[in-house]
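Single-structure report; data block below.
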Amino acid sequence: IPEESMNRVFTRFWRGSKRGGTGLGLYIVKGIVEAHGGTITVGRAPGAGARFRFTLPVGTPAHLL
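Heads up, this note's numbering is the position in the sequence shown plus 1, with the first residue counted as 1.
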């Protein structure tokens, strides 16, 4: 993922290439992670490619109690 695109990878319909896909996958993943009170980030992977990291809180989110 080019550096200038890193801040857009979680937006709806963003695609890294024209080879296919709808551009919804990472947008949906971000929504699910955030719905559970977590966060997701993207960064450069050693060598090539991208590294995605997400964190989720331990326990039940307050809005589900």
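No residue lacks a Cβ here, since even glycine has one placed at the ideal position from N, Cα and C.
Uninterrupted alpha helix (DSSP H) stretches at least 4 residues long and entirely within the region 6-42 occur at 26-36, given in chain order. Rounded to whole angstroms, the gap between the alpha carbons of residue 40 and residue 54 is 8 Å. Take the alpha-carbon of residue 52 and the one of residue 59: they are about 23 Å apart.
The continuous beta strand (DSSP E) containing residue 56 extends over residues 51-56.
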